[in-house]
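Comments concern the structure below.
Numbering (the working numbering), first residue to last: 408 to 610.
The structure is reproduced here in structure tokens:
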């Protein structure tokens with residue numbers, strides 16, 4: 408899963424049934440097996456455990472230490488009260504994307520009166536954070552800046568994109584077109600990447 412924000416807790420447990428645990432730690436690297444660049448060297452998850460037989464609390468990592476648009480590998484190790492240590496490489500990996508997708512409005516406007524859902528619009532989407540685009544939605548209101556009456560609230564218009572960009576022209580779709588009152592309506596868009604980052608643009 409691509410992560411767009413910190414806070415995910417991971418279920419990696421530790422145990423020592425003889426002398427007991429004293430400290431448990433994690434480390435983040437750019438390559439498998441603890442290789443590549445060290446993004447975060449051995450850091451305590453919990454210390455001063457006093458010889459506890461196990462440590463089963465889910466734990467988080469320093470999200471700010473992770474590079475963007477890359478896969479980072481997390482290893483873990485534990486110390487017991489006898490001074491022994493055991494480590495396990497690549498207990499899980501994390502993919503980070505905190506860059507908002509973009510909306511490029513190349514549409515000059517549409518002042519043409521229409522009696523059918525025949526128009527397509529040049530509004531493009533892109534994602535530079537690595538996780539790729541997920542979907543685009545539209546919202547239609549009677550006033551600018553999403554004011555007035557909501558004709559159609561946020562609804563999926565383009566789904567399953569799974570690409571860094573989407574440049575095909577697109578229309579409202581018959582379902583939304585059928586809701587439009589006569590007169591002028593305003594269409595806003597928002598786009599998501601697969602890390603759940605989103606950008607919305609009115610009108």
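Cβ atoms here follow ideal geometry from the backbone N, Cα and C, with glycine treated the same way. Quick caveat, the model's predicted, so the values are computed rather than measured.
Tell me, please, whether the segment 498 to 509 touches the segment 560 to 568 by the rule of three or more beta-carbon pairs shorter than 8 Å. no
Does the Cβ-Cβ distance between residue 600 and residue 572 come in under 8 Å? no
Skipping 5 residues on each side, what residues in its chain have a beta carbon closer than 7 Å to that of residue 529? When the five nearest sequence neighbours on each side are left out, the beta carbons in the same chain lying within less than 7 Å of the beta carbon of residue 529 are those of 513, 514, 576, in order along the chain.
Terminal residues of the beta strand (DSSP E) in which residue 598 lies: 593 to 600
Can you tell me which of 535, 556, 582, 585 puts its alpha carbon nearest to the alpha carbon of residue 606? 535
Three-state secondary structure (DSSP) at residue 559? strand
So what does DSSP say about residue 577, is it helix, strand or coil? strand
Residue 500 and residue 478 - do their beta-carbons sit closer together than 8 Å? yes
For residue 452 and residue 430, the rounded distance between their alpha carbons: 8 Å
Neighbour-count burial assignment, residue 471, 16 or more Cβ in a 10 Å radius: exposed
Under the three-state reduction of DSSP, which class applies to residue 449: helix, strand or coil? strand
Taking all protein chains shown into account, do 16 or more other C-beta atoms lie within 10 angstroms of the C-beta of residue 508, making it buried, or fewer, making it exposed? It counts as buried.
Closest by CA to residue 554, which one among 592, 496, 587, 527? 592
Work out the CA separation of residue 428 and residue 498 for me, nearest whole Å. C-alpha separation (whole angstroms): 19 Å.
How about residue 608 and residue 510: are their beta carbons less than 8 Å apart? yes
Would you mind working out which of 417, 567, 412 sits nearest residue 462, comparing C-alpha positions? 417
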